[in-house]
Structures are given as structure tokens and as C-alpha cells.
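Here the structure comes first, spelled out in C-alpha cells, and everything after it is commentary.
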Amino acid sequence: MTSNQVLSEVEFNVVGKRPVRPDGVDKVTGRAQYGGDTNLTGTLQAKVLRSPHPHARIKSIDTSKAESFPGVRAVITAKDLPLASLSKEELGGDYTALKFASDHMMASDKVLFKGHPVAAVAAINAHVAQSAMDLIDVDYEVLDSVVDVREAMKPGATLIHDELRTNDMGETADQPSNIAAHMRYEIGDVTKGFADADLVMEKEFTTATVHQGYIEPHNTTAFWNSDGQLNLWTSTQGSFQVRATVSNILRLPISKVKVTPMEIGGGFGGKITAYLDAICSILSKKTGTPVKALMSRTEVFEASGPAPASWMRVKIGVKNNGTMTAVETEMAMDAGAYPGSPVMQAIVCAFACYDVENGRIDGYDVVVNKPKTAAYRAPGAPQAAFAVESLIDEICLNLKIDPIEFRLLNAAKEGTRRIEGLVARKIGFVECLEAARTHDHYKSKVEKGTGRGVAAGYWPNRGFQSSVVMTVNYDGVVSLIMGSVDIGGTRASIAQQTAETLGIAYEDVKPTVVDTDSIGYTFITGGSRTSFATGLAAISAAEDVKQQMISRAAKIWDASEDDIEFVAGMISHKSDEELKLSFKDLARQTATTGGSISGRSSVDPTGEGNGYAVHIADVAVDTETGKTDVTRFTAIQDAGKAVHPSYVEGQMQGGAVQGIGWALNEEYFFDDTGKMLNSSFLDYRMPTTLDLPMIDTVIVEVANPGHPYGVRGVGEVAICPPMAAVANAVTGVTGHRMNSLPITPGKILEAGWENGKS
Amino acid sequence: MEPFDFLSPSSIDEAVQTLASKGNQARIMAGGTDMLVQMRAGRGTAPFVVDIKDIPELNEVSYDASKGLTLGAAVPCYRIYEDKTLSDAYPGLMDAASLIGGIQIQGRASIGGNICNAAPSGDSIPIVIALGGICNIAGANGTRQLPVEEMCTAPGRNALEEGEFLVSIHFPAPQANSGANYLRFIPRNEMDIAVAGVGSSVQLDASGQNFVSARIALASVAPTPVFAKEAGDSLAGKPVNEDTIQAASELAQSAAKPISDMRGTVRQRTHLIGVLTRRTLNNAIERARGA
Amino acid sequence: MPTVTQVQTTLNGEVVNFLCEPRQSLLECLRDILGMTGTKEGCNDGNCGACTLIMDGRIVNSCLVLGVEAEGKEITTIEGMASPEGLHPLQQSFLENAALQCGICTPGFLLASKGLLDKEPDADEGRIRHWLAGNLCRCTGYDKIVRAVLQVSKAK
Amino acid sequence: MLELATIFIPTMLQEITHGIKKLELDARNVRQVVDELEKAYPGIQERLLDADEIREGLAVVVDGDVSVMGMLTKVGEQSEVHFVPAIGGGG
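Protein chains in written order, with this note's numbering: chain L, 36 to 793; chain X, 7 to 297; chain C, 111 to 266; chain F, 263 to 353.
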């Protein structure tokens, strides 16, 4: 049994192969230029002064000592932001949204989390900036803080925003509250569904705040030129997103802002939000020189956006044969200091694996005194999957039904209507479950002292806008220009789709990621959309090239375009066998037939890729110490079509391992007031090489009907099943249901003590 | 980081003079793996950093089966576990040296530095105490010796007077039929701070069935590493069996005065001390019998 | 102004002189003074391994080495791993095995792996996992990295 | 005879539609859908729209395709129209 299987339905020439990535050599030789490697002549270094308090009113800020510190060139506070100088009327639009965005970048009146920026210094180097920053006096009036999501929801809880009122799908509540929004979706008759059940189980689950843990800290370099043009070189998942944020906060027309995305050292959703860009921009405007900022690891933990902690209640009714009759969940996720947790996305994902007639989901978006949460790989879905898949495991144990059989019995398939109402098109969940059932891992004996858990997950994989331009060089090599930042190999996967469409060699496509002035709007790299949506743009641009090449051939042969076809990289006359040109031959002749050829496309695909995954985890537990070890792990996932199977496997393995970390050891420790206590890689315990086995993979390929090669998108769903798979495995060996993440050794011991075992 | 001047004396005398002239303005650096992190966080910054790695005595590793081991205070961990003679003679020391940080840290961090850093969780300290390590300290008034168990006085504070520095640690020669082991409990398998740690050394009689003596020390369960003297002493002259080991582990538990923090609760830590004491004693016994 | 010290070191086989402040780490000196940005900063406190380089034959975190300590040392960074003849076998293996996604941890992993295989050319999976525990990667789940190192290890 | 589009009323707005979960309408785009809904159930428009665009956090889905044309999105005969949570992205 090989450890990496690909269950292919269709073979292509380039798509589905494993070429070396175009940016590979630069990345193994240290030549690749990441954001932090940017070094323009005369660059100043910036440091951001951050609040030591999770909740406080800023009474005054005295920057005078810092300003006069030798080597300091500028000091700014929120007073330097347009929010401070323009009236509500001048700002127009949604004043609250702008205030939230601007205050998140730098607090104007209150700090809402430890690490909240209050001032920034630009100096000749980072040491000087740091020393000067320590001289800034901020007078705070410390306020009570609220940290726990359920505490924050209680009536009478300390209010974080005086004006925030619950938005119940367009209806605003009368009283202020920390509940920013509530949303409910319901299908069928839930009461009747539960009444029809033979067994109804209900449990509560919680998960801790976790971080994406990308290894490269946030960084940016800004240069606000004297002509008014603002240039940014930064590490981001979305250069256009940075442009939008900066232009919004600084009240600049977007055309005045150019963002050059540098190589990015990981993001997983956490590098969608722009934290440093506006700050460096203002410092650059004040100093007239480029200004660069690099977050420390502590700043990354305390002041970028982690994934929310959550509380969830899940209730499931089943018949004795295992058929689900009704489901219900309430989910509350903490948004951090400003509204916008991913709970609304969790609503779509929570029960999307199952075909169930009756269901109700309530989601609450709750503000607390923690850093504002950001996207993290399938935002919202992993928490929901942990709760739902854990309870399903409990039901399987109760009914003595095999967990894969149970899921097969209830699996969502083509035509299944989800609770929010949408109907599944062709999806591969059943195929994933079947691949799991027949996998060597699942058939193997469970070792003594070890438990085995199974869990599933779902992510919709929606499309969004992408733009691609490609030019045909005279040597037949195609320059592929795109706006999608390459985090994990998308240059390769887009080049492969381009080569496949043009019928040319992969090596004859040269991809480049360009700045916001050089390509049409392109949405973030995230949400498992890039290989799918930017792939669609590349395919469409390649079709544009093909059409133009047909018209060139028509000129050369003095034939009608209708008589010419472009098949597998050959341009030929349909009826005259003599008239035939390879892509390269014709490329050479473009100079004399009207000049270079450029293809272009901007797309905004509307369908969903619908990713499903099933994971199997074996976890050994030392019941005397509570220590866990993942001894075997298999990730099975429907990729639709794996464009580059190695990088698909990498996404599956990486997602699984982030999930294993989330399951077992990763968490923000906060004191009672909301101060993070473990803001380092030493104490925020991400898995190391020594904590893991090889991660076996099975790529299932059930083609996505919405993409010519069947691509679905693969990055997100891989993180949805592992927490429950691991938790279910731990339950298997300890006999205790672990309903709170992370499942630390301490919690395992406590569970044993409470139940009078071990 | 605040600016500092970097001084690297090349002899003990020079170091003594340097430290005497700078007084409390100087901070001593060996591997720097703890110190640089602290200074970067604004803790313990000083106008002068005195690097003692150029001093020959601080790099000394001399082992003699009859005299024991003298381990220079700046000797990085890898030199212990990569030296087969040393790791055979002091397997407990090897246990600790090979789990401080990752391989990169072990290329720089030293046992001496670990002791002077005086963290309650210092991974090498319990085993050095269990092995009866003695600190050789140099200062303006000459040299003095101090048992390792007296070196740590509070979290991050050691018994060195101003102007003094640790030159080396001396370990008695391993006795016949002796063995030692250090284990810590961490949630991951590497790169972590001990939730609890136990170092045990035992000497058995020729039959291997009875304890001659034992020393047990604990990490992460008090403001300083703990020498659980009564726990070790309880084994002297006793037969090797589950009951005597259990009794010793219970004494070790009562010597532990842990707090609850983000790494663990009082109950968890006390429980772990019991488990780890048993496990380290059993491993040490096995090594003693195999030796 | 803070004291500035001249440091002479052998960097990737060449003798190099540079001026630095004592408080500057070797990582800073490489990146900010010498312009060698292949060595990456991930945490600046010795817990991620992104800044790993080889100093006198040992792998170290360059964020925990002062620039002044490089005096008289021999240092290998990622920039010194490939030769004009081509990539180092580990670099080639990382490419072929897709052992990198974002690539930020890659230089550190390559240097750490080189440090291992230079000493133990036949390191097995267990040894590789133990040796690389000080290098964090968040993208790959380590599987392909370990395989890439194993491939070179077995080749020897 | 013209076939009507089926509009699924989000659960939270069914209080406005007196418990009606879905209804059929003659509408050729999302704007007409909203207009028709407002005619039948005054007050529903302001729950769906914000400044004449679909409210932030919501997406209109017509026949399984997420609308990218907002109020201009075409609604066909026998189309299914849903107002569902918007989905962003992760990593």
C-alpha cells in the first residue's frame, strides 16, 4: 500500500503531473525575495507601540521624548489618520465601518485588546525605534475586560463598543450588546424530526483561540513618493485587498496606491488583513523616505488575527438504524475586538456533510477583548466540524454502528439540500468515505493503547474574481501574468492549466505574479480558490490566445478562420493536411503577422467547488501522564482534479497537521483580563517533526462540473476533520469524550480523575 | 535591544578583573540562548556583555574514571552527548543535554549556563543535583565551591556574588553499579518547557537488588529546582522493589511545591512528579544493573 | 553612538569583514549589513529554526548568535549551498519532492539537514525527525520534507 | 404560460412572510425579486438590502450560482433564489 494514492478519473498531458515549480530554485537557494527582504535605499525602520491592556481608554499620549530621541525621524498616533481630521459628514458612507477599520489599525480613543497599536516610530534602525518607542507615555484608564465568548453574550456584560447593537439579519436591536450579529437558518420541521428519532443526543463543545502560525512575520515597506503616489511592498495574500484597506483608511483614490506583493511566507488566511501598511504609509509621508516594519513573533500572536474561540451546542436525532432525523446547533464565535467572526461561514459548513431533512443552525458573532480574529483555513468550519463530528462519533458508539457506515448512510450527495437551502451539485463525499472504508489504514488492527477516530469535513470553495494576461513570445514561450499571490505552488498549478489548454510544454509557460497596477483586479489567494478561479482565468486567456493564433494562421494561409483548428498545440487547416504549424512555429511568425499576441481574461466564477474530506487518526495515549502521540494518520479528500498532486498532497498534509496541533496542544492562554501569556513558538505549541508520523493521503477525483479539468480547490477542507478525528481517537482509548479543544495532557488526566479511572 | 559593549576575556584572571571593574554593569554570557532572548525582551539588559567562551577552563571537558568529570561552564550540550565515554559514564547527563531546546540550541547552550539561568524548569539542573555536581566559582576573592543544589536561589537568580562567575561543574566519578536518568514531561516531544521534571541517580549493591544510595531532584515544581533529599535518602539500604520506589516517589511528591499556571495545575504537576520519579528510578536501576 | 566592532569571518568560503554593533545578531548582520537575505527570521528567539546556519560545523540559530561572535568562525548560509555546477543534492531533492510550499522555512531546513547529513550520511527517519525538531514548518506537515532528506540520505 | 421563480425566504425573515418559507414570483432579476417581495411583505427589503445593495454578510444565489452581479443578477424561469451567508476565504 503506497502512502500517497491518487484515484484519477481522467488523465491529461500536463494537468495531474508533478513538475518542479517555477519559483522552486529561488526558494531553495535563498534568492526569493520575501516582504522582509525588501531593502530600498534610505529605508527607515518602524516599530509600533502597543497597548499592554486588553481594554482601556486612552487619556493622553505624550510622544515628545520619543520624537527627540537621536535617530528618530517620525512618531505618529491615531491623530495622524484621516479619521481624526475629517468630520463624520466628510467621511461619509459607513462611518462605523471606517472607524472600526481605522481604529483597528491604530486606536483613537480606546484600546480593545492587548497589542492594539497606539503609536508608531520611524527611526534609523529597529533598535533605535524600539528604544524611542519605550519613551512614549500613554496615560490609560484601564477598563474591565471580557474575554470569554459566553460571558460576553450575557446581559450586563462589559460592553466593548458602546454603540454596537445586534444585527439580526438586517434588524438592529434596541440595546447595545457584544453580540454583533445573529443569523439563523432552518429547514424542514425540527421538532417533528427530533420526535421521530429513536435516540437524541446533545452536547456542548468549546475550542480555544488558535493562530495560523505562519513562519514569516507580517512585514511591509511603504514609500509615499513626492508625486503623491504611494507604493507598498508587502507580504500579503491579496495585494488588491491591501490596496483597498489602505486607500479606505487613508482616504486615497485606489489609483494612488500601488501594492507589490512580495513572496509570502505562509498565510492560511492570516495575511488577508493589512496591519502595518497604513502605519508605514503615514510614517513614509512624514519622513519622505521608505519605511519598513516587521512584526516580532510576539506581535504576530498578540496583534494579528487568530481564529476564534468558540462555544457550540449540538443536538442530533437518529433512528436506531442510524438515519439522521433532525439536527440542531447553536454556535457562538468570538470575533475579537471588532465584529466579523467566521460564524456565518460555519453555518453553511456545520452539517453540509449530511443529507438531513430537518435542521436548524443559529450563529452568533460576538466581540471580546482579544485581537480581532482573521480568516484561518476554512474559517469557522473546523470548529463546527469538531462539534458535529464528535457528537456523531458518540452516536455511533451508542448505536454500535461503524462510523464510516453511519456517514455513508447519511452522506450528502448530488441533489442534497443543505440547511441554508442550497442544493449540492456533483460532489465526492461518498467516494471519499468509500476510499476511507477500503483504505489499508482503516482495515488495519488498532494497536493496544491506541484509539482510532474518523471524521469528515466540508468547505464550499467559492470562486471570486481573477485576472490573467498572457503573451506569446517569439520563441513560443508564454509569459503568464497574474495577480494571484503564490503561497504554496499556484504558479505551477496555473502554468500547468495554461500549458494544458495551449497544448504546449509546462516548461514553455513562465508565470509571474505582478503588482496591482499591472493586472486586473484579483481577489485574495485564499479560500481554496486560486487553482480553481485563477485557473479558469488562465484557461480562458489561453483560449483567447488560441483564437488569435487561428486568425494569424488564417492570414498566413489566406484561409477562413472557420477552416482552421487549434488542437493539442498544433494549428492546422481542417481540410488541407499540408497546412499545419506547431505553436512554436506560429509564434515565430507573429512578428510578421501583426505583432505579438496577448491573451487576457478576467473571470468571476459563480459556482462552488464543494470540497469534502475524511480523515482517519490513530492516537496513542499514555494514560499515566495524559501524553498523546499521533501514530498514524490518513487524509482522504476530493480534489476534483489534482492539478499538481504533490502540492495537493502537501495541502492535505499541512491542513491535517495544523488540525492535529489545534486538536492537541495549540491555544492562546489568556489571563483573566485577556492578556495573552504564551506569545512565542516555545509556549504556543505547534507540532514539530517529532510529533508526527508521515501523513498518508488519498486524492479522490470526482470532477467539478464547473471547471474544464474538474478542479475543486483543496486547501481549506483539509483542516476541518482532524480535530474530531483526533478527539474521537482519544475517546476510543481513554473512554472519555473530549469536548474541549485542545485535548491537552492535563485535560486527559482530569477526565480520568473525574471518572474515577487511571 | 539596548546597546552594550562586548568583552571577551581569554583567561580567568582577565575575566575576574573585567567583572570587578564593571561591577553590576556587566552580564556574563555563555551560549546566549536564554540571555539574548531575555535582553531582547528588555529583561536583564546591561551596558557590558562579557563572553566567557574564549576562556580555556570554561571549555574544559576532562574525565577520569577515578576523579570524575570536570565540565567547563561554557561547554555546549552537544559535546556531552556526542562524547561516547561521557555519555556512557553519565547517561543521566546525556539525557538532559540532548533535550535542551533543539539541535541548534544544543550547539550553543551549556549546562553551566542552564544552571546560572536558574529557571525552575532548567532541564539539566535536577540531574546535575542528582549526580552530586559541585560548582567551581571564580571571583575577585579567589575560587570557591558550591553544591549545585545551592546555586539557584529564586526564579532567574543564582548564588553568584557580584564579580563572580561559574567556571566549571565537577561531577564525582560514577560508582560501581550506579545509574541515573532524567525525564521531563512536556506536551510535545521536543522544544518545550518542562511541566515537571525529575532527575534520579542510584547506586545499587553488587547484587543489584538493593539500593546503596539515591539522589532525586525535581524541576518545575517550585521557585527553584528542588533537591528531594528525603526521597533519595529513603531508598538507602532498601531493597529494590515497587514499594520502596513508590514510597520514594511519594516523598518526592511531598517535596514538590508547585503552582498552577498555563503549563499545568498543582494536581497535574504533583501527579507527574510521582510518575516521573518512578520512571526515572526504574530507568536508573536498569542502567545501574546494565553498567 | 553605540560602539561599532569590526568582525572578520569566513562566509561561504570567502573571508568577509563587516562592521556591526555588539547588540546585532548574526542574523541581522547577514540580512541588514551584508544584504544576504536568504537566512530568514521567523521568531527571533530560537524557537523556529528559520535562521539556521552552520557555524564551525554545527547548526545554530543565527538569531541567538551575536554578530561579533562570528569573529574567526566559518559560516555556511543558504547562499553557499549550491555551487556553480548546480544545486546541492538536498536542494534538488526538496524541489523534486515538493518539500516546500511557502518556502520561508526552507533555507533553515536545508541548512539543518545539511548539518545532519554531513555528520550522519545515513540518517534514518527517526533520526531526521529528531534532528529537525527545532525547525518549524507550518505548510507541509513535514511529510515531504522528511522524505526529501531521506532520499538524499539513502543515496549516500 | 410563464414559469415562476421560487424564492426561498431566509428563516429569520419568515416572521415578515407570516411563516411562509418559499414563494413563487414573476421576476427576471434580483432587483425585481426584492421589489416583488417588498410589495407582498413590506419591510423585507430593508432586511435584505443596505443602501440598495445586498447586505454585507449575505450572498444571493440563483440556481446554485453565487450572484456576482448583485441586484442585476438574472433570474430565470423556474429559478431557485436563496439569500445565504457570504463566504470569504482562508488560506
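Positions of the beta carbon are idealized from the N, C-alpha and C atoms, including for glycine.
Here the structure is a predicted model, which is why all the values come from computation and not from measurement.
(request) Starting from Glu206(C), follow the beta strand (DSSP E) in both directions and report where the run begins and ends. (result) Locating residue 206(C) in the third sequence gives position 96, counting from the first residue. It is not in any beta strand (DSSP E) - Glu206(C) instead sits in the alpha helix (DSSP H) that spans Pro199 to Glu206.
(message) What ranges does the beta strand (DSSP E) occupy inside the segment 111-182 of chain L, keeping only unbroken runs of at least 3 residues that lie completely in it?
(response) 152-158 and 172-177
(message) Quick check on Val49(L): does DSSP put it in helix, strand or coil?
(response) Sequence index remark: in the first sequence, residue 49(L) carries index 14 (1-based). Coil.
(request) Could you have a look at Asn245(C) and say whether DSSP puts it in helix, strand or coil? (result) Here residue 245(C) refers to the residue found at position 135 of the third sequence. It is coil, neither helix nor strand.
(request) Would you kindly work out how many angstroms separate the C-alpha atoms of Val195(L) and Val83(L), rounded to a whole number? (result) For the purposes of this step, residue 195(L) is taken as the residue at position 160 of the first sequence. For the purposes of this step, residue 83(L) is taken as the residue at position 48 of the first sequence. The sequence shown places Ile at residue 195(L), rather than the Val named in the question. Cα to Cα, the separation comes out at about 23 angstroms.
(message) Less than 8 angstroms between the C-beta atoms of Gly152(C) and Ile250(L), yes or no?
(response) By 1-based counting over the third sequence, the position of residue 152(C) is 42. By 1-based counting over the first sequence, the position of residue 250(L) is 215. Closer than 8 angstroms, so yes.
(request) Leaving out five residues on either side along the sequence, give the residues of the same chain with a beta carbon under 7 angstroms from the beta carbon of Val5(X). (result) For residue 5(X) there is no data in the structure shown, the boundaries of chain X being 7 and 297.
(message) What would DSSP say about Ile140(X), mapped onto helix, strand or coil?
(response) Numbered from 1 along the second sequence, position 134 holds the residue referred to as residue 140(X). Strand, per DSSP.
(request) Could you confirm whether any beta carbon from chain C is found closer than 8 angstroms to the beta carbon of Leu457(L)? (result) Within the first sequence, numbered from 1, the residue matching residue 457(L) stands at position 422. No - not a single Cβ of chain C is within 8 angstroms of the one on Leu457(L).
(request) Just grab the DSSP bridge partners of Phe336(L) for me. (result) Here residue 336(L) is taken as the residue at index 301 of the first sequence, counted from 1. The partner list for Phe336(L) (beta bridge, DSSP) is empty, contrary to what the question assumes.
(message) Check this for me: beta carbons of Val665(L) and Ile695(L), under 8 angstroms apart or not?
(response) Taking the first sequence and counting its residues from 1, the one referred to as residue 665(L) is at position 630. Taking the first sequence and counting its residues from 1, the one referred to as residue 695(L) is at position 660. Closer than 8 angstroms, so yes.
(message) Quick check on Gly338(F): buried or exposed, where buried means 16 or more other Cβ atoms within 10 Å of its Cβ?
(response) For the purposes of this step, residue 338(F) is identified with residue 76 of the fourth sequence, where counting begins at 1. Gly338(F) should be labelled exposed.
(request) Quick one: residues in its chain with C-beta nearer than 6 angstroms to the C-beta of Thr193(L), no 5 flanking neighbours on either side, listed in chain order? (result) By 1-based counting over the first sequence, the position of residue 193(L) is 158. Correct list, in chain order: Asp179 and Val181.
(request) State the Cα-Cα distance for the pair Ile278(F) and Gly59(L), rounded to the nearest angstrom. (result) For this step, residue 278(F) is matched to residue 16 along the fourth sequence. For this step, residue 59(L) is matched to residue 24 along the first sequence. Cα to Cα, Ile278(F) sits roughly 57 angstroms from Gly59(L).
(request) Measure the C-alpha to C-alpha separation of Thr76(X) and His176(X) and round it to an integer number of angstroms. (result) Counted from its first residue, the second sequence places residue 76(X) at position 70. Counted from its first residue, the second sequence places residue 176(X) at position 170. Going by the C-alpha atoms only, they are around 4 angstroms apart.
(request) Identify the contact partners of Glu659(L) in chain X, using a Cβ-Cβ distance below 7 angstroms as the criterion. (result) On the first sequence, residue 659(L) is found 624 positions in, with the first residue counted as 1. Going along chain X in sequence order, the residues near Glu659(L) (Cβ under 7 angstroms) are Val281.
(request) Grab the span of the alpha helix (DSSP H) containing Leu432(L) for me, first residue to last. (result) As a working note, residue 432(L) is residue 397 in the first sequence. Here the alpha helix (DSSP H) through Leu432(L) covers Ala416 to Leu434.
(message) Within 8 angstroms of any Cβ in chain L, is that where the Cβ of Gly326(F) sits?
(response) Locating residue 326(F) in the fourth sequence gives position 64, counting from the first residue. Chain L contact via Cβ: present.
(request) Please name the residue in Arg286(L), Thr255(L) and Asp72(L) whose C-alpha comes closest to that of Gly128(L). (result) Here residue 128(L) is taken as the residue at index 93 of the first sequence, counted from 1. Of Arg286(L), Thr255(L) and Asp72(L), the residue nearest in Cα terms is Arg286(L).
(request) Starting from Glu124(C), trace the beta strand (DSSP E) both ways and give me its first and last residue. (result) The count along the third sequence starts at 1 and reaches residue 124(C) at position 14. Glu124 to Cys130 is the extent of the beta strand (DSSP E) around Glu124(C).
(request) Express the C-alpha separation of Ser130(X) and Ala102(X) in angstroms, rounding to a whole number. (result) Your numbering for residue 102(X) matches position 96 in the second sequence. Your numbering for residue 130(X) matches position 124 in the second sequence. Roughly 5 angstroms between the two C-alpha positions.
(message) Tell me the rounded alpha-carbon separation between Met36(L) and Ser479(L).
(response) Within the first sequence, residue 36(L) is the residue found at index 1, counting from 1. Within the first sequence, residue 479(L) is the residue found at index 444, counting from 1. Note that Met36(L) scores 48 on pLDDT, short of 50, meaning its location in the model is unreliable and no value can be drawn from it.
(request) Could you confirm whether any beta carbon from chain C is found closer than 8 angstroms to the beta carbon of Thr669(L)? (result) For the purposes of this step, residue 669(L) is taken as the residue at position 634 of the first sequence. So no, Thr669(L) is outside the interface.
(message) In this structure, how does DSSP classify Met813(L) when only helix, strand and coil are distinguished?
(response) With chain L covering only 36 through 793, there is no way to say anything about residue 813(L).
(request) State buried or exposed for Gly148(X), treating a residue as buried only when at least 16 other CB atoms are found within 10 Å of its CB. (result) Taking the first residue of the second sequence as 1, we reach residue 148(X) at position 142. Classification of Gly148(X): exposed, given that the 10 Å Cβ count is below 16.
(message) Between Gln693(L) and chain X, is any beta-carbon pair separated by less than 8 angstroms?
(response) Looking up residue 693(L) in the first sequence gives position 658. Chain X, which has no Cβ nearer than 8 angstroms to the Cβ of Gln693(L), makes this no.
(message) Suppose the cutoff is 8 angstroms on Cβ atoms and the five residues either side in sequence are ignored; what does the same chain contact list for Glu248(F) look like?
(response) A query on residue 248(F) cannot be resolved here, the shown segment of chain F reaching from 263 to 353 and no further.
(message) Which residues in chain L have a C-beta closer than 7 angstroms to the C-beta of Thr216(C)? List them in chain order.
(response) Residue mapping note: residue 216(C) aligns to position 106 of the third sequence, counting from 1. Going along chain L in sequence order, the residues near Thr216(C) (Cβ under 7 angstroms) are Lys62 and Val63.
(request) Please confirm if the segment 479-492 of chain L is in contact with the segment 754-764 of chain L, defined as three or more CB-CB distances below 8 angstroms between the two stretches. (result) yes
(request) Can you say whether Ser501(L) is buried or exposed, counting buried as having 16 or more other CB atoms within 10 angstroms of its CB? (result) Locating residue 501(L) in the first sequence gives position 466, where the first residue counts as 1. Answer is buried; the Cβ neighbour count reaches 16.
(message) I'd like to know whether the C-beta of Thr271(X) is nearer than 8 angstroms to at least one C-beta of chain L.
(response) In the second sequence, residue 271(X) corresponds to position 265, counting from 1. Cβ-Cβ to chain L under 8 angstroms: yes for Thr271(X).
(request) Note down the Cα distance separating Val746(L) from Ile316(F), rounded to an integer number of angstroms. (result) Position 711 of the first sequence, counting from 1, holds the residue named residue 746(L). Position 54 of the fourth sequence, counting from 1, holds the residue named residue 316(F). Going by the C-alpha atoms only, they are around 29 angstroms apart.
(request) Enumerate in chain order the residues of its own chain whose CB-to-CB distance from Leu137(X) is below 7 angstroms, with the five nearest sequence positions on each side excluded. (result) Your numbering for residue 137(X) matches position 131 in the second sequence. Excluding sequence neighbours, Leu137(X) sits near Tyr96, Gly98, Leu99, Phe177, Ala186 and Ser207.
(request) With DSSP as the reference, please indicate the residues paired to Phe258(L) in a beta bridge. (result) Taking the first residue of the first sequence as position 1, residue 258(L) is located at position 223. BP columns for Phe258(L) point to Asn266(L).
(request) Using a Cβ-Cβ cut-off of less than 7 angstroms, list which residues of the segment 224-244 of chain C approach chain X; keep chain order. (result) Trp241, Ala243 and Gly244
(message) So Val460(L) contacts chain F; which residues on that side make the cut at Cβ distance below 8 angstroms?
(response) As a first step, residue 460(L) must be located in the first sequence, where it is residue number 425. Looking at the sequence provided, one finds Arg at residue 460(L) rather than Val. The answer, in chain order, is Gly326.
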